[in-house]
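S.K.:
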Amino acid sequence: MNDSTTHQGTARQEAWGDARGLRVVVTGGSAGLGLGLARGYAAAGARVVAIARNRERLERALAGSGVLPLAADVSEKRAIHRISAEVIEVLGGVDVLIHNASSLGPAPLKTLLETECEEVEEALQTNVLGPFRLTRALLGHTLAHGRGATVVTLSSDAAVNPYPSWGAYSLSKAALDQMTRIWGRELVEQGVRFVAVDPGDMATALHFAALPDADPDGLLDPEEVARELIGFIGRYGAAAPGSAPARFSADAWRAWA
Ligand SMILES: NC(=O)c1ccc[n+]([C@@H]2O[C@H](COP(=O)([O-])OP(=O)(O)OC[C@H]3O[C@@H](n4cnc5c(N)ncnc54)[C@H](OP(=O)(O)O)[C@@H]3O)[C@@H](O)[C@H]2O)c1
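Sequence positions in the sequence shown follow our numbering and run 30 to 286.
#1: Helix, strand or coil: which one does DSSP assign to residue 193?
#2: Do you know whose CA, among 164, 155 and 135, lies nearest residue 82's CA?
#3: From what residue to what residue does the beta strand (DSSP E) around residue 56 run?
#4: Between which two residues does the alpha helix (DSSP H) carrying residue 153 extend?
#5: Which of the three DSSP states, helix, strand or coil, is assigned to residue 32?
#6: How is residue 174 classed by DSSP in three states: helix, strand or coil?
#7: Straight-line CA distance for residue 259 to residue 223?
#8: Going by C-alpha to C-alpha distance, which of 187, 270 and 151 sits closest to residue 106?
#9: Please give me, in chain order, every unbroken run of the alpha helix (DSSP H) with length at least 4 that falls completely inside the region 46-94.
#10: State the Cα-Cα distance for the pair residue 69 and residue 59, rounded to the nearest angstrom.
#11: What distance in whole Å lies between the Cβ atoms of residue 135 and residue 197, which are believed to be in contact at a cut-off of 8 Å?
#12: Could you check if residue 265 is buried or exposed, using at least 16 other CB atoms within 10 Å of its CB as the buried criterion?
#13: Is the beta carbon of residue 52 less than 8 Å from the beta carbon of residue 121?
#14: How would you call residue 37, buried or exposed, if buried means at least 16 neighbouring beta carbons within 10 angstroms?
If you want it as structure tokens, here you go:
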């Protein structure tokens, strides 16, 4: 490594903070917020595995970032053991697990009366059961080795507000919030922190699938949100166990010291 490479590495760490030694898993790591988180953690020195379904897009998005791409569908029960086995093999465990991949349910959005049961199932499989299974699979290894971890779930204001036509997504995010709270209570003594975070409205594919006419100028840049969120996750993980809220609105986590 020459001086210029070292300088570039240091500059990246100054921009993204210092995450050296951390082992990070990000689901939905090929686009939007997840891509920003995966790249950002890698730039801060962490070893990172990023998961998404479309292998070509994932590999293209992560080229040159140092992030390890893992093509898999978190909504598929059978994929979870392969994901956890590969993560354990390449990282040796996980310190920060971020459940960021998400299904909107039906797009365009529909009222519940118009929504098919299969569309609700898809949202629940991706947004609730996938995170449930993957958390169990990865934390089993972490706890067996006497280590703590921080588990982050991406929430939404739709988890708490009954917006008409957001039903499938909304109910899945409400369930994800509650699962996050319960996991957190159950594993506080073992040093595992769980936190649900609403990132706010960002200019991403998911947002435009829901609201195609949204003004991009009024939306947050997902890379900037990722940078702020990485700082927040570090502070949250360092807080005394049980001392911090288990769910943060988009304003609350940014204001949290
Ligand atoms: N954007 C917003 O305004 C907003 C607001 C509030 C909350 N959020 C939450 O923030 C998180 C990130 O959203 P985003 O807007 O950044 O999303 P996005 O840009 O649409 O990206 C979604 C990512 O998830 C992957 N993905 C989707 N389904 C998957 C599955 N079953 N298995 C593995 N990967 C999967 C996608 O890649 P593949 O399609 O290749 O799998 C992609 O990498 C989500 O949890 C979302 O609910 C977003």
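Ideal placement from N, C-alpha and C gives every residue a C-beta, glycine not left out.
Computed from a predicted model, the values in this text were never measured in an experiment.
M.R.: Considering the structure as presented:
#1: coil
#2: When only C-alpha atoms are compared, the closest one is 155.
#3: 52-56
#4: 146-153
#5: At residue 32, the pLDDT of 45 sits below 50, so the modelled position is not reliable; the number obtained from the coordinates is stated separately. Note: residue 32 maps to helix in three-state DSSP.
#6: coil
#7: 15 Å
#8: Ranking 187, 270 and 151 by Cα distance to residue 106 puts 151 first.
#9: 61-72 and 84-91
#10: 13 Å
#11: 6 Å
#12: buried
#13: yes
#14: Unreliable positioning characterises residue 37 in this predicted model, as indicated by a pLDDT of 49, which lies under 50. The coordinate reading is nonetheless provided below. Looking at its Cβ environment, which holds fewer than 16 other Cβ atoms inside 10 Å, residue 37 is exposed.
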